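A short write-up of the structure that comes next.
There are 4 protein chains.
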Amino acid sequence: MTDQGKTLTNEAGGRERRVPVLDQGFIALEDWMGGDAAVVRGARICYQSTSKSPEADVRLIRSELRRKPSVNTIFEHAVMRWYVRCPIFVARQWMRHRICTFNEKSLRYCTAERSYYVPSGLPDIEAYRAHMEASFDLYERLVAEGWRKEQARAVLGTGVYTEFIWTVNAWSFMNWLSKRADKAAQWEHRQYALAAFRLWREVMPITAAAFAEEVWRPLAGEGEALV
Amino acid sequence: MTDQGKTLTNEAGGRERRVPVLDQGFIALEDWMGGDAAVVRGARICYQSTSKSPEADVRLIRSELRRKPSVNTIFEHAVMRWYVRCPIFVARQWMRHRICTFNEKSLRYCTAERSYYVPSGLPDIEAYRAHMEASFDLYERLVAEGWRKEQARAVLGTGVYTEFIWTVNAWSFMNWLSKRADKAAQWEHRQYALAAFRLWREVMPITAAAFAEEVWRPLAGEGEALV
Amino acid sequence: MTDQGKTLTNEAGGRERRVPVLDQGFIALEDWMGGDAAVVRGARICYQSTSKSPEADVRLIRSELRRKPSVNTIFEHAVMRWYVRCPIFVARQWMRHRICTFNEKSLRYCTAERSYYVPSGLPDIEAYRAHMEASFDLYERLVAEGWRKEQARAVLGTGVYTEFIWTVNAWSFMNWLSKRADKAAQWEHRQYALAAFRLWREVMPITAAAFAEEVWRPLAGEGEALV
Amino acid sequence: MTDQGKTLTNEAGGRERRVPVLDQGFIALEDWMGGDAAVVRGARICYQSTSKSPEADVRLIRSELRRKPSVNTIFEHAVMRWYVRCPIFVARQWMRHRICTFNEKSLRYCTAERSYYVPSGLPDIEAYRAHMEASFDLYERLVAEGWRKEQARAVLGTGVYTEFIWTVNAWSFMNWLSKRADKAAQWEHRQYALAAFRLWREVMPITAAAFAEEVWRPLAGEGEALV
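Residue numbers (this note's numbering), protein chains in the order written: chain V, 36 to 262; chain X, 36 to 262; chain D, 36 to 262; chain C, 36 to 262.
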């Protein structure tokens, strides 16, 4: 098992691997550490074993993901930093996850940018758009009249876009993935989860394939592929 | 050290200890465990010592809070459950704290209630009010026309009230308190922190007094009393 | 759903509910908060629903424990404090669990007590005993000759008993339980898990029964009852 | 700010940066992510600011570490994986830290290696050595006679060496450092903390210098340099 994936990603450049999600959002994998090799390292130190072949590593990772009860720590040595732009209502769900770190654009210090999510295929989109524009008009007027930005944001709907970075280990990431890629998740959040899965699969191909097979398929059923 | 505080609080009844905050919000201490006695228990098991007097317990707690580097675990055996109603923009800051548990009213499943924060002493309050009313009018219309509630909430501003319960240990609570009661915190969030401090002081009087003296005063300076 | 269980336990007194485990160990439930009622509170605030009957609460808790992916936060408002005496090799496994708080008797500050685990049904027990006694003899001699206690403990085997308190929420407790009551766990640790399950069942009967049915049985198979 | 540090370390090779500690132990920095640049990234996304000069980044990191109350999340995007060999009594203290991940050589599955810590400058070292050798003799005999390895380890003292990998973010690492490099820490643990500081300074020079100045010096006093 080599660090080949990492080299490839670094050549492509962090920000360039930005995938558009929804009408004005995106998700990007900014940096990562360890990858599949770190999972193997975590497992093999327990048993003081050495890798005999790439196939043995694949079998090891799959059997660890299938194991019940799980041994989650070995998946926590692989870490990723994501850069996300999404509606506030998606960010609010996202930030309920706790085994990870967020830093978000602050509307206490920054002026909100006129950018909001517009769903498609729904009635009355024009009334929606007009209201969102009116909320930015009012926001700007209140700030001009002396409201603090942190107070004026009260008029901005949760459909407004925000952005944040998210550092998360692979175990906690898989927990998020299994909840937010789930059919029961909100459709908008799910689009981020599916996009994140595809990016993740490039840097941790063995773990991602094992996750799809051993964790995702039993949850979602045959008809619901992850990709 | 006795569990007297607990008995008194239980007699008063959890929900009754609700303190109003802002125009339509509140904070309540719903349940708690351990109190000052749990802090002493945590410290004394390390040293296998026994309490010689109430004064010795007071000195112990104060010296532990003053100690640098800190020994935080002994404060984690005291746990509280709070019930909070606050604007979404306050809740968003609050839920960035991770060593604790939240469960919040869901706007995926529940219809939003027409209730929003109105600041005082600011210009253009009527335009603000009119906009917030219009956002609820539009929300209700969109839901009636077939938008999912989870999508229609995109038009509701972060000044709308939400509610949640919050279970947190005393160490993590003090971390929140020192950040959110701070002069640099948003004024609206600070009102919740100050109200929480007053309720907390009733059930953990020794730790609360030690916190005010050993942690808060060095941070805030003489002129900024906690209460 | 009432807090009846709590009253009963408190009447019995915390420390009295100490259950012997292994030859000289024990586990006791010292304090607890919330219980089954806190799980229901956590679930119902999300949906803003009210409890229609005790049977509805039982169904709610069972369905939440069965749900995949899980909604763990609602189980985190129930918190317990345990008091444990066990061999160091068991404590080392126990303290790998991180979503909880430990305070342990310190062998930096306290002199080790001559108390060690003796397994039964194994050959050469007398040689084992003689060695453990010799290690305490040497420990005491080294301390008398000026070794710091924290250094002299290097000669004490991991079969020596330690004691600690452990504050943990019900979700993290169930995670520990499913790993340490498992057939694959070390036998000695398993005895603590089984004893803890029985004590837990007295204060959170609905959640404990649901756990045995929905989590434990699928893991362990029919033949392996929890009790 | 560039990722120059990372390239240099990778050229040197992870395992090669192993520093001996105590008589038979070591600490190595196996992998790392983000570095000083990740701290700057975390801070600048909040304010949507851009770096004007390397000096501005240095000032930013120093002022963030000095700030009270602290904004710890920005330091959590920098992550490291360490490889450690130390006595069990040191590992037991280390693993009380919870915001991080450990995987340790398992004495359930692996046979213990005859390797133990021998302090220097203390009386009766030969009696100590003889006892440690005797404990391994007995361990091997018990295993040969049918004790499980997980039971036979009961005779091995906490001075026996273990090894583990440790993945930790820079904030949690600094917390460990301020506790374990402290004069009040056990001397043996302190040697690992001081060695780790020196390795860390190579990959996060700006944050390490700011830590030494803003966090360490106020704790330790002028006379106690970190290096």
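Backbone N, C-alpha and C define an ideal beta-carbon position, used for all residues, glycine too.
The structure displayed is predicted, hence computed values, not measured ones.
Should residue i go down as buried or exposed, given a rule of 16 or more other Cβ atoms within 10 Å for buried?
{"i": "residue 267 (chain V)", "result": "Here chain V has residues from 36 to 262 only, and residue 267 (chain V) is not among them."}
{"i": "residue 55 (chain C)", "result": "exposed"}
{"i": "residue 40 (chain X)", "result": "In this prediction, residue 40 (chain X) has a pLDDT of 36, which is less than 50 and means its spatial position is unreliable; nothing more can be read from the coordinates."}
{"i": "residue 154 (chain D)", "result": "buried"}
{"i": "residue 82 (chain D)", "result": "exposed"}
{"i": "residue 170 (chain V)", "result": "buried"}
{"i": "residue 256 (chain D)", "result": "exposed"}
{"i": "residue 85 (chain C)", "result": "exposed"}
{"i": "residue 136 (chain V)", "result": "buried"}
{"i": "residue 216 (chain X)", "result": "buried"}
{"i": "residue 48 (chain C)", "result": "Confidence at residue 48 (chain C) is low in this model, with a pLDDT of 46, below 50, so the placement of that residue should be treated as unreliable; the coordinate-derived value is given next. Per the 10 Å Cβ criterion, exposed."}
{"i": "residue 253 (chain C)", "result": "exposed"}
{"i": "residue 179 (chain C)", "result": "exposed"}
{"i": "residue 168 (chain D)", "result": "exposed"}
{"i": "residue 181 (chain D)", "result": "exposed"}
{"i": "residue 251 (chain X)", "result": "buried"}
{"i": "residue 147 (chain D)", "result": "buried"}
{"i": "residue 260 (chain D)", "result": "exposed"}
{"i": "residue 188 (chain X)", "result": "buried"}
{"i": "residue 243 (chain D)", "result": "buried"}
{"i": "residue 116 (chain V)", "result": "buried"}
Return no unless some Cβ of chain A is closer than 8 Å to the Cβ of residue i.
{"i": "residue 217 (chain X)", "result": "Of the chains in the structure shown, none is chain A; the protein chains are V, X, D and C."}
Whose CA, out of the options, lies closest to the CA of residue i?
{"i": "residue 58 (chain C)", "options": "C:251, C:84, C:117, C:227", "result": "C:227"}
{"i": "residue 140 (chain C)", "options": "V:116, V:78, V:102, V:242", "result": "V:78"}
{"i": "residue 238 (chain V)", "options": "V:73, V:136, V:60", "result": "V:73"}
{"i": "residue 231 (chain C)", "options": "C:163, C:118, C:88", "result": "C:118"}
{"i": "residue 80 (chain D)", "options": "X:222, X:145, X:150, X:233", "result": "X:145"}
{"i": "residue 106 (chain V)", "options": "V:260, V:185, V:206", "result": "V:206"}
{"i": "residue 52 (chain C)", "options": "C:250, C:234, C:249", "result": "C:234"}
{"i": "residue 249 (chain V)", "options": "V:100, V:87, V:259", "result": "V:100"}
{"i": "residue 91 (chain V)", "options": "V:220, V:75, V:148, V:184", "result": "V:75"}
{"i": "residue 241 (chain X)", "options": "X:189, X:177, X:93", "result": "X:93"}
{"i": "residue 122 (chain X)", "options": "X:259, X:221, X:261", "result": "X:221"}
{"i": "residue 95 (chain X)", "options": "X:261, X:246, X:260", "result": "X:246"}
{"i": "residue 28 (chain V)", "options": "X:163, X:243, X:186", "result": "A query on residue 28 (chain V) cannot be resolved here, the shown segment of chain V reaching from 36 to 262 and no further."}
{"i": "residue 133 (chain X)", "options": "C:61, C:223, C:108, C:184", "result": "C:108"}
{"i": "residue 102 (chain V)", "options": "D:120, D:116, D:152, D:219", "result": "D:219"}
{"i": "residue 138 (chain X)", "options": "X:120, X:165, X:183, X:88", "result": "X:120"}
{"i": "residue 208 (chain D)", "options": "D:166, D:149, D:236, D:151", "result": "D:236"}
At a cut-off of 7 Å, would you count residue i as near the ligand MN, judging by its Cβ distance to the nearest heavy atom?
{"i": "residue 84 (chain X)", "result": "Of the ligands one can find in the structure shown there are none, so the ligand MN has no counterpart to examine."}
Are the segment 190-197 of chain X and the segment 200-213 of chain V touching by the rule of at least three beta carbon pairs closer than 8 Å?
Contact fails: fewer than three Cβ-Cβ distances are below 8 Å.
Practice item. Pair every Cβ in the segment 65-73 of chain X with every Cβ in the segment 63-81 of chain D, then say whether three or more of these pairs are closer than 8 Å. Key: Because the criterion of three Cβ pairs below 8 Å is met, the segment 65-73 of chain X and the segment 63-81 of chain D touch.
Let me know the alpha helix (DSSP H) ranges lying completely inside the segment 177-259 of chain X, each 4 residues or longer, listed in chain order. Taken in chain order, the complete alpha helix (DSSP H) segments of 4 or more residues contained in the segment 177-259 of chain X are 184-187, 205-215, 222-238, 240-246, 252-255.
Does the pairing of the segment 114-131 of chain C with the segment 224-238 of chain C give three or more beta-carbon distances under 8 Å?
-> The segment 114-131 of chain C vs the segment 224-238 of chain C: in contact.
Three or more beta-carbon pairs under 8 Å between the segment 144-162 of chain D and the segment 168-186 of chain C, yes or no? Touching, per the Cβ criterion.
ask   = Closer than 7 Å, Cβ to any Cβ of chain D: which residues of the segment 209-242 of chain V, in chain order?
value = Of all residues in the segment 209-242 of chain V, 213, 214, 217 have a Cβ within less than 7 Å of some Cβ in chain D.
- Message: Does the segment 108-122 of chain V come into contact with the segment 197-209 of chain C, if we say contact requires no fewer than three beta-carbon pairs (one atom in each stretch) closer than 8 Å?
- Response: Yes: at least three Cβ pairs fall under 8 Å.
- Query: In chain order, which continuous runs of the beta strand (DSSP E) of length 3 or greater are located wholly inside the segment 54-83 of chain X?
  - Reply: Those beta strand (DSSP E) runs which fall completely within the segment 54-83 of chain X and span 3+ residues are 60-68.
Taking only runs of the alpha helix (DSSP H) that begin and end inside the segment 76-147 of chain X, which ones reach a length of at least 4 residues, in chain order?
Those alpha helix (DSSP H) runs which fall completely within the segment 76-147 of chain X and span 4+ residues are 89-101, 123-129.
Listed in chain order, which residues of the segment 142-164 of chain C have Cβ atoms closer than 7 Å to some Cβ of chain D? Those would be 143, 152, 154, 157, 158, 159, 162, 163, in chain order.
**Message:** Using a Cβ-Cβ cutoff of 9 Å, what residues of the segment 54-70 of chain C are near chain V? List them in chain order.
**Reply:** Those would be 65, 66, 67, 68, 69, in chain order.
For the segment 102-117 of chain D, list every residue whose C-beta sits within 7 Å of some C-beta in chain V, in sequence order.
The residues in question are 103, 104.
Using a Cβ-Cβ cut-off of less than 8 Å, give me the residues of the segment 76-98 of chain V that come near chain C, in sequence order. Of all residues in the segment 76-98 of chain V, 76, 77, 78, 80, 81, 82, 83 have a Cβ within less than 8 Å of some Cβ in chain C.
#### Entry: Proximal residues, the segment 188-211 of chain D versus chain C, C-beta separation under 7 Å
Those would be 188, 189, 190, 191, 192, 193, 194, in chain order.
Chain-ordered residues of the segment 128-141 of chain V with a beta carbon less than 8 Å from chain C: So the list reads 136, 137, 138, 139, 140, 141, given in the order they occur along the chain.
ask   = In the segment 169-180 of chain C, which residues sit with their C-beta less than 8 Å from some C-beta in chain D, listed in chain order?
value = From the segment 169-180 of chain C, only 169, 170, 173, 176, 177, 180 have a Cβ closer than 8 Å to chain D.
- Closer than 7 Å, Cβ to any Cβ of chain D: which residues of the segment 244-260 of chain V, in chain order? Taking 7 Å as the Cβ-Cβ cut-off against chain D, the residues of the segment 244-260 of chain V that qualify are 254.
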